[in-house]
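Written below as structure tokens is the structure these notes are about.
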Amino acid sequence: MRPAKAAGCAASDYPGAGPKGAIAVVDDSGCTVVDKQKAAAAKGAVALVVTSEPGHQGASPKLFNPGYYDQLTMPVAVVGAEGAGALRDAAGPVRLTLDTATVKITSRNVLAQTKTGSPHDVVVVGAHLDSVPQGPGINDNATGVAAVLETALQLGPSPRLANMVRFAFWGAEESGLNGSLDYVLGMGRDELNDVALYLNFDTLGSPNAGFFTDDGDQSAPAGPGGAPQNVPTGSAGIERTLAGYLNLAGKRPFDLPLSTQSDYSPFLVAGVPIGGMTTGSSQTKTAVQARLWGGQAGVAFDPNYHSARDTLDHVNRDALAIMGSGVAFAVGTYAQSIDGVNGVPAHDQRHRKQVRP
């Protein structure tokens with residue numbers, strides 16, 4: 001059975017009750033797979049098939065919310081263009097056979113922190129280690145990892161600074177933010193209060209590069225997955241710090257809307273101020289952006305995003321040099337001080353909350 005609205009995000013999207021034992025077929029737009037499943041189940045479906053949108057390389061990233069797997073209560077399959085076409089062309093009943101195996105894979109976070117600086121005003125800096133199965137993930141996100149790692153190496157284990165710096169390399173981001181989410185889930189309120197801010201760096205060398213700061217002041221429209229309702233105090237100041245750096249580097253920054261699909265999300269939910277930079281991924285560069293930054297209008301910032309073409313040969317080294325220095329600038333700024341107009345709340349003014357599964 002198919003909903004009247006192809007996304008199938010709500011039970012009201014379906015015109016009526018489906019036949020007994022029906023399989024719901026929806027596309028991958030609009031909401032998470034968990035929402036699609038709930039809507040289909042409410043109309044009597046016993047399984048769900050999600051078809052990729054035209055032009056997608058695999059499922060849309062917004063389809064998988066953190067912890068989605070544990071929330072599934074029926075068989076769910078995601079199929080590409082070929083499978084979607086076969087379903088469209090079917091003239092009679094269709095039987096779904098899922099020849100799959102459930103395999104548990106261990107993924108690890110890697111963390112290191114300075115021996116010096118206040119342990120009650122920790123600057124956490126993160127980048128995700130993993131890639132999608134379709135490609136090697138050099139821009140997304142070896143570039144972010146390299147920039148954060150080089151910053152850690154240059155800073156050293158015992159630098160003279162006011163605030164401790166913790167470098168976090170997250171596992172399993174692409175499968176639902178599992179690494180960063182698990183880390184934040186394991187933190188008590190006191191531990192969270194000791195985190196002054198979180199900086200996230202993802203995709204820093206896009207071939208058709210843009211220069212974006214995460215929208216800490218919420219001046220941009222909501223992003224994929226839905227924007228958070230309450231952005232922690234201090235996030236706007238972090239955005240101004242990063243935007244100031246990009247202006248100094250000769251690149252006028254644009255806002256990147258916040259969403260629930262990035263490793264900053266668990267920290268944001270816990271009440272930790274967040275910020276970060278990126279050169280863009282599958283979004284299309286506008287004519288205005290092409291005039292400001294160069295490159296091609298009407299083309300994705302990274303045409304190789306989530307594909308086998310995401311290799312070292314396609315990294316924009318000039319963009320990576322600018323963004324990599326920006327990582328060091330941001331870390332150095334907040335490692336020295338969290339005060340001032342672009343600072344974050346002092347320890348006694350923080351009101352973090354524990355994140356629950």
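The sequence shown begins at 1 in the UniProt record's numbering and counts up by one.
Idealized CB from N, CA, C, for every residue including glycine.
- Boundaries for I274: no alpha helix (DSSP H) harbours it, while the beta strand (DSSP E) harbouring it runs I274 to T278, taken from the DSSP string.
- Contact annotation: I23 and A4 have beta-carbon atoms that are not nearer than 8 Å.
- DSSP places Y334 in no beta strand (DSSP E) but in the uninterrupted alpha helix (DSSP H) bounded by R317 to Q336.
- Annotation: the region 199-254 contains the following complete segments of the alpha helix (DSSP H) (minimum length 4 residues), in chain order: 235-248.
- For L48 and P266, the gap between their C-alpha atoms comes out near 28 Å.
- The distance from the Cβ of A196 to that of V344 is about 5 Å, consistent with a contact at the 8 Å cut-off.
- Beta-bridge pairing by DSSP links D27 to T51.
- Within a 10 Å sphere around the beta-carbon of Q154 sit fewer than 16 other beta-carbons, which makes this residue exposed.
- Here the C-alpha atom of T114 lies approximately 20 Å from the C-alpha atom of V272.
- By the Cβ-count criterion, H347 is exposed, with fewer than 16 other Cβ atoms from all chains shown falling within 10 Å of its own Cβ.
- A contact between stretches requires three or more CB pairs, one per stretch, nearer than 8 Å, and the region 298-311 meets this requirement with the region 270-284.
- Looking at the DSSP output, F167 sits in a beta bridge with A112 and V125.
- Excluding the 5 residues flanking it on each side, G205 has same chain C-beta neighbours closer than 6 Å at N139, T143, V315, N316, A319 and L320, in chain order.
- Sixteen is the threshold: since fewer than 16 other Cβ atoms of the shown chains lie within 10 Å of the Cβ of I105, the residue is exposed.
- With a cutoff of 8 Å on beta-carbon distance, V124 and Y334 are scored as not near each other.
- Between R309 and G80, the gap from beta carbon to beta carbon reaches 8 Å or more.
- For the pair T51 and G21, the CB atoms are not nearer than the 8 Å cut-off.
- Annotated as distal: T241 and A328, with beta-carbon spacing of 8 Å or more.
- Boundaries of the beta strand (DSSP E) around V78: V76 to V79.
- Under the three-state reduction of DSSP, V195 is assigned to strand.
- CA-CA distance, A112 to V148, rounds to 11 Å.
- Contact between the region 236-253 and the region 158-174 is not established, with fewer than three Cβ pairs separated by less than 8 Å.
- In the DSSP assignment, L292 falls within the alpha helix (DSSP H) that extends over A287 to W293.
- Take A11, set aside five residues on each side of it, and the residues of its chain with a beta-carbon closer than 7 Å to its own are A39, A42 and K43, in chain order.
- Beta-bridge analysis with DSSP links L256 to D214.
- Under DSSP, A300 forms a beta bridge with T284.
- According to DSSP, residue pairing for S118 in a beta bridge involves N163.
- The three-state secondary structure of K104, taken from DSSP, is coil.
- Between Y264 and D214, the C-beta gap is smaller than 8 Å, which places the two residues in contact.
- S180 sits in a helix when the DSSP states are folded into three classes.
- Secondary structure of G83 (DSSP, three-state): helix.
- Following the DSSP letters along the chain, one finds L153 inside the alpha helix (DSSP H) bounded by residues T143 to L155.
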